[in-house]
Amino acid sequence: MRRLIAVLVASLFMLAGTAGVAAAHAKLESMTPADGSSMAAPPAKVVLTFNEPVGSDGTQVQVKSPSGKDVASGDVQVIDNTVTQPVGAMVEAGKYTVEARVVSADGHPVEVSGAFTVTHAGHPATEPAAGTPASSPSGGGSNTVTIVAMCLVMLVVVALAVVIVRRRPAS
Ligand SMILES: [Cu+2]
Numbered sequence: 227m228r229r230l231i232a233v234l235v236a237s238l239f240m241l242a243g244t245a246g247v248a249a250a251h252a253k254l255e256s257m258t259p260a261d262g263s264s265m266a267a268p269p270a271k272v273v274l275t276f277n278e279p280v281g282s283d284g285t286q287v288q289v290k291s292p293s294g295k296d297v298a299s300g301d302v303q304v305i306d307n308t309v310t311q312p313v314g315a316m317v318e319a320g321k322y323t324v325e326a327r328v329v330s331a332d333g334h335p336v337e338v339s340g341a342f343t344v345t346h347a348g349h350p351a352t353e354p355a356a357g358t359p360a361s362s363p364s365g366g367g368s369n370t371v372t373i374v375a376m377c378l379v380m381l382v383v384v385a386l387a388v389v390i391v392r393r394r395p396a397s
């Protein structure tokens, strides 16, 4: 009986060992921004650090915005066990999902993912100057003027159209 238990325990260890070898692919050790973290300032790049060097061929990193747009911008850079992906402006606040595909040392692809939250959206290149709240009432006024002008233009266009249509059967 004792011998049987010893054999069972030994085979269990062997199974565990085999499983360990089979799973010896590159593993994601850390991510910058950290997985699950949240920040006000959007990052300019995403850095993935693996437990072993990964291949640069076939390495892809997508950084998806809350609406599903890939904001990865520029070439992914692989140095040893570090994968760096530059990202463009993050104009949406919310959760960004990182999906990466790297190639392990044994040639097998590995897919990893993570996510971080940007609480304050980045701005596009053209940001209106801050500190001009006085412009909003006059802005509303000019909007009204624009609407009136547009109505006048439409009236003229409609009047012209009516004149043209009326003339047509006559000619
Ligand atoms: Cu493998």
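Following the numbering used here, the numbering of the sequence shown begins with 227 at its first residue and continues without gaps. From the three backbone atoms N, C-alpha and C, an ideal C-beta is built for every residue, glycine too. Note that this is a predicted model, so its numbers are computed, not measured.
Helix, strand or coil at residue i according to DSSP, with G and I counted as helix
i	result
methionine 380	helix
alanine 331	coil
valine 388	helix
arginine 393	helix
alanine 375	helix
aspartate 296	strand
lysine 253	coil
glutamate 353	In this predicted model, glutamate 353 has a pLDDT of only 48, less than 50, meaning its place in the structure is not dependable; the value taken from the coordinates is given anyway. Glutamate 353 falls in the coil class under three-state DSSP.
glycine 340	strand
alanine 402	A query on residue 402 cannot be resolved here, the shown segment of the chain reaching from 227 to 397 and no further.
threonine 345	coil
Rounded straight-line distance, which links the Cα of residue j to that of residue i
i	j	result
valine 313	methionine 376	42 Å
valine 304	lysine 253	15 Å
alanine 266	serine 339	21 Å
serine 401	valine 328	Residue 401 lies beyond the residue range present for the chain, which begins at 227 and ends at 397; the question has no answer from this structure.
alanine 347	valine 317	5 Å
glycine 366	valine 280	In this predicted model, glycine 366 has a pLDDT of only 45, less than 50, meaning its place in the structure is not dependable; the value taken from the coordinates is given anyway. The alpha-carbon atoms of glycine 366 and valine 280 are separated by roughly 57 Å.
alanine 270	glutamine 288	14 Å
valine 200	threonine 258	Outside the displayed range of the chain (227 to 397) lies residue 200, so it cannot be described from this structure.
threonine 343	valine 302	21 Å
Any non-hydrogen atom of ligand 1 within 7 Å of residue i CB
i	result
aspartate 283	no
histidine 334	yes
serine 264	no
histidine 251	yes
serine 291	no
serine 330	yes
Beta strand (DSSP E) segment containing residue i, residue limits
i	result
alanine 316	The sequence shown places methionine at residue 316, rather than the alanine named in the question. Per DSSP, methionine 316 belongs to no beta strand (DSSP E) and is neither H nor E.
glycine 284	281–290
glutamate 278	From DSSP, glutamate 278 is part of no beta strand (DSSP E); its letter is neither H nor E.
valine 302	Per DSSP, valine 302 belongs to no beta strand (DSSP E) and is neither H nor E.
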